[in-house]
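Position 119, counted from 1, in the sequence shown is what this note's numbering calls 113; the numbers after and before it change by one each time, with no gaps.
Virtual Cβ for every residue (Gly too), placed ideally from N, Cα, C.
Step one of this worksheet: look at the structure below.
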Amino acid sequence: MPELRLTEIFYSLQGESTTVGLPTVFIRLTGCPLRCVYCDTTYAFQGGKKWSIEAILEEITHYKTRHITVTGGEPLAQKECLMFLDALVEKGYQVSLETSGALDVSAVNEQVKKVMDLKTPGSGEMDKNLFSNIDSLTARDEVKFVIASKQDYQWSKKVTEEQGLSDLCEVLFSPCMGKQSPAELADWILRDQLPVRFQLQLHKVLWGESPGK
């Protein structure tokens, strides 16, 4: 039976994306090839526990929601993740995959919502962006930019416009907490009349940096 290494499974409100506020089961896979400066889940870089796909599917039946988010770390760093996503879809779950955009997403089940985090200059990992992934995006997917500075904003604005991202899918601009003023970012978006969605991380507003929330 195929296995995945997990850091945690928890039930919370979705804090980001277009499903923000919905009760969701989060399945956090262990490991990530990136080391973003502002990463808030460094505890998922290593360790974890091996679970069979069958055991994970059994565990999530204890929660009364059809919304599942597979996150990390970088979930696609474990090759078994693709099989797991297929299994979730087959069970009738509404599945979203939070991915860095650094690994190929073309084989991800087309019924899975890909939430792809393009890395800005402030992340320290901008050179890892795999822009060919944009060709695999559909209207159900989302692209997220974490904005840590005015430079990040200008870069994200340029990429959004040059790649025509707003015509492909939902585009999210999110301030990096502690580095970028949310109000200032909102003002820039309005000033430039960008066709993007401003988002705050709801879980951090409610619970701060507490793991498992």
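> Applying the criterion that 16 or more other CB atoms from any shown protein chain within 10 Å of the CB defines a buried residue, is LYS58 buried or exposed?
Replying inline: Position 64 of the sequence shown, counted from the start, is the residue given in the question as residue 58. Exposed, because fewer than 16 other Cβ atoms sit within 10 Å of the Cβ of LYS58.
> Going by C-alpha distance, which of GLY66, GLU52, LEU124 is nearest GLN40?
Replying inline: For the purposes of this step, residue 40 is taken as residue 46 along the sequence shown, with counting starting at 1. Checking every option, the nearest Cα to that of GLN40 belongs to GLY66.
> beta strand (DSSP E) containing ASP111: first to last residue?
Replying inline: In the sequence shown, the residue the question calls residue 111 occupies position 117. Run containing ASP111: 107 to 112, per the beta strand (DSSP E) assignment.
> Based on the DSSP secondary-structure assignment, which residues constitute the bridge partners of ARG22?
Replying inline: Residue mapping note: residue 22 aligns to position 28 of the sequence shown, counting from 1. Looking at the DSSP assignment, ARG22 forms a beta bridge with GLU2, THR65.
>> Looking at the secondary structure, which residues open and close the beta strand (DSSP E) in which LYS73 lies?
In response: Numbered from 1 along the sequence shown, position 79 holds the residue referred to as residue 73. Neither: LYS73 is in no beta strand (DSSP E) and is coded neither H nor E.
>> What does DSSP give as the partner residue(s) for THR93 in the beta ladder?
In response: Translated into the one-based positions of the sequence shown, residue 93 becomes position 99. In the DSSP output, where bridge partners are listed per residue, THR93 has MET110.
>> Quick check on the DSSP output: what are the complete alpha helix (DSSP H) runs of length 4 or more inside the segment 151 to 199, in order along the chain?
In response: 159 to 162, 176 to 186
> Mapping DSSP to helix, strand and coil, what is SER46?
Replying inline: One-based indexing of the sequence shown puts residue 46 at position 52. Looking at SER46 - three-state DSSP - the assignment turns out to be strand.
>> Using only the alpha-carbon positions, how far apart do LEU286 and LYS122 sit?
In response: The chain is shown from -5 up to 207; residue 286 falls before or after that span and cannot be answered.
> Of all the options VAL14, SER175, LEU79, ARG134, which has the alpha carbon lying nearest to the alpha carbon of PRO(-4)?
Replying inline: In the sequence shown, the residue the question calls residue -4 occupies position 2. If we check each option's Cα against that of PRO(-4), LEU79 comes out closest.
>> Quick test of your reading: GLN8 and THR18, contact by CB under 8 Å. State the CB separation rounded to the nearest angstrom.
In response: Here residue 8 corresponds to residue number 14 of the sequence shown, with the count starting at 1. Here residue 18 corresponds to residue number 24 of the sequence shown, with the count starting at 1. Contact flag correct, Cβ pair sits at about 4 Å.
> Do the segment 105 to 120 and the segment 46 to 53 make contact, defined as three or more Cβ pairs closer than 8 Å?
Replying inline: no
>> Between which residues of its own chain and SER46 is the CB-CB distance below 6 Å, once the five residues before and five after are set aside?
In response: Counted from its first residue, the sequence shown places residue 46 at position 52. Hits under 6 Å: MET(-5), GLU(-3).
> DSSP state of PRO139, grouped into three classes?
Replying inline: As a position in the sequence shown, residue 139 is number 145, starting the count at 1. Here the sequence assigns Phe to residue 139, which means Pro is not the residue at that position. Reduced to three states, the DSSP call for PHE139 is strand.
> Can you round the beta-carbon distance between THR24 and GLY42 to whole angstroms, since I take them to be within the 8 Å contact cut?
Replying inline: Residue 24 sits at position 30 when you count from the first residue of the sequence shown. Residue 42 sits at position 48 when you count from the first residue of the sequence shown. At roughly 3 Å, the Cβ-Cβ gap stays under 8 Å, so THR24 and GLY42 are in contact.
> Shortest alpha-carbon distance to VAL99 belongs to which of HIS61, ALA177, ASP129, THR13?
Replying inline: Your numbering for residue 99 matches position 105 in the sequence shown. With distances taken between Cα atoms, VAL99 lies closest to ASP129.
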